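Read the structure below first, then the notes.
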Ligand code: FUB
């Protein structure tokens, strides 16, 4: 299907802001700051020096964000994929526009922390311009480490997934193959909307790429991470009774709570595969999960990862860092409910003795800082 024939993406999604204009006020303040910087020439006027000092302090403040939720407030970030490389936790995000009226993002951002309290903003790490074949919609990213390199998996155009490669977690990255890795125009098995890529590298070194809206898909990657090593398969999701979960049709809501919406993310713990996904775009939708014995499923619905986060879209990742587990997600609270201007948050996650996730309640405070190392 041609991109422009795709219907409205999410029933219920709205760009209408509720309540106050906190973010608009901040954006206006940033705009006038930029204007005043543009007008300013170097001089020794005390007023000018004072103003430049204030600007430097503000810019430093945005580089090292504070600990509570959301973890970054000077820009909008969404679709967090958290990965641990060395002794830091990195969060790859999409980047909602300050004045967005759709998910018309153009680049991807990176944040990192060593202690879950002080966040470093690495800025923009890749943009649509890096893929000569892509036009729009820089959506949910992921990044994994393999072959002594970092591979970014990036969905664009609601129809393709590209891969970019770099030598460090923050890049620079470049298009690894000069064409899409997944393109539903050429690969019907990729489904109507191959978005939200996420990669699992299993203990035996085999890599699996998960993706898909309304239809969860998985495909094995070759050891170079830049080629498919098999056929794209539908993931079998079972309900808690072991029956196949009925797939939502285009523009339909998945049946709550077990139906599949989007945002697949698979992790492994104690030999079991946890398949985390969003169960849709309803007022109670959230990140849920199924458990399986194989990386390609079937996964049996097990429960919620967390309670609904204040956003039409539910998208996140689960990661272990220094012996603690965390769930990353986004909310629209900073934009007073605007679906297209979201902010990344994090909370601690724990497991019961039976391996089930204890359902996380989103907090304002976020997780406790880790001890200094
Ligand atoms: O950010 C654009 C889209 O919104 C993502 O691809 C979905 O998972 C949802 O979060």
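Numbering (my numbering), first residue to last: 79 to 451.
Every residue, glycine too, gets a C-beta built ideally from N, C-alpha and C.
From a predicted model like this one, the values you see are computed outputs, not experimental measurements.
- Enumerated in chain order, which unbroken segments of the beta strand (DSSP E) with a length of 3 residues or greater are wholly contained in the segment 201-259? Secondary structure remark: continuous beta strand (DSSP E) runs of at least 3 residues inside the segment 201-259, in chain order: 220-224, 227-234, 238-244 and 251-253.
- Query: Apart from the five residues just before and just after residue 291, which ones in its own chain have a Cβ nearer than 6 Å to its Cβ?
  - Reply: Same-chain partners within the cutoff: 271, 273 and 340.
- Query: Rounded C-beta distance between residue 445 and residue 424? I'm assuming under 8 Å.
  - Reply: Right, their Cβ atoms sit about 6 Å apart.
- Item | Exposure of residue 135, with buried meaning 16 or more beta-carbon neighbours within 10 Å | Caution is warranted here: a pLDDT of 40 is assigned to residue 135, below 50, making its placement in the model unreliable, and the coordinate value is therefore given only provisionally. Exposed, because fewer than 16 other Cβ atoms sit within 10 Å of the Cβ of residue 135.
- Can you tell me whether residue 399 is buried or exposed, with buried defined as 16 or more other CB within 10 angstroms of its CB? Of the other Cβ atoms in all chains shown, 16 or more fall within 10 Å of the Cβ of residue 399; this residue is therefore buried.
- Task: Would you check if the segment 322-334 and the segment 248-256 touch, i.e. whether three or more CB-CB distances between them fall below 8 Å?
- Result: Contact between the segment 248-256 and the segment 322-334 is absent: fewer than three C-beta pairs spanning the two stretches fall below 8 Å.
- Task: Taking residue 289 and residue 275 to be in contact with their CB atoms under 8 Å, please state how far apart those CB atoms are, rounded to whole angstroms.
- Result: With a Cβ gap of about 5 Å, residue 289 and residue 275 count as contacting.
- Do residue 367 and residue 318 have their CB atoms nearer than 7 Å? No, these two residues do not count as a Cβ contact at 7 Å.
- Item | Residue range of the unbroken beta strand (DSSP E) whose run includes residue 170 | 166-172 is the span of the beta strand (DSSP E), which, as asked, contains residue 170.
- Please report the Cβ distance between residue 172 and residue 218, rounded to the nearest whole angstrom; I am assuming they are in contact, meaning their Cβ atoms lie under 8 Å. With 8 Å as the limit, residue 172 and residue 218 qualify as a contact, their Cβ atoms being about 6 Å apart.
- Item | Pairwise C-alpha distance: residue 449 and residue 342 | The C-alpha of residue 449 is placed about 31 Å away from the C-alpha of residue 342.
- Can you tell me which of 216, 394 and 443 puts its alpha carbon nearest to the alpha carbon of residue 158? Put simply, of 216, 394 and 443 the residue whose alpha carbon is nearest the alpha carbon of residue 158 is 394.
- Consider the C-beta atom of residue 212 and the heavy atoms of the ligand FUB; say whether any pair is separated by less than 6 Å. Residue 212 Cβ: outside cutoff for every heavy atom of the ligand FUB.
- Determine the closest residue to residue 426 out of 248, 304, 231 and 396, with distance taken between C-alpha atoms. That would be 396, whose Cα lies nearest to the Cα of residue 426.
- From 178, 242, 222 and 199, pick the residue whose C-alpha is nearest to that of residue 215; which is it? Ranked by how close their Cα comes to the Cα of residue 215, the residues 178, 242, 222 and 199 have 178 in first place.
- Assign residue 360 to buried or exposed, taking buried as 16 or more other Cβ atoms, counted over all protein chains shown, within 10 Å of its Cβ. When all chains shown are included, residue 360 counts as buried.
- Message: Give me the DSSP bridge partner(s) of residue 322.
- Response: Bridge pairing for residue 322: 316 [DSSP].
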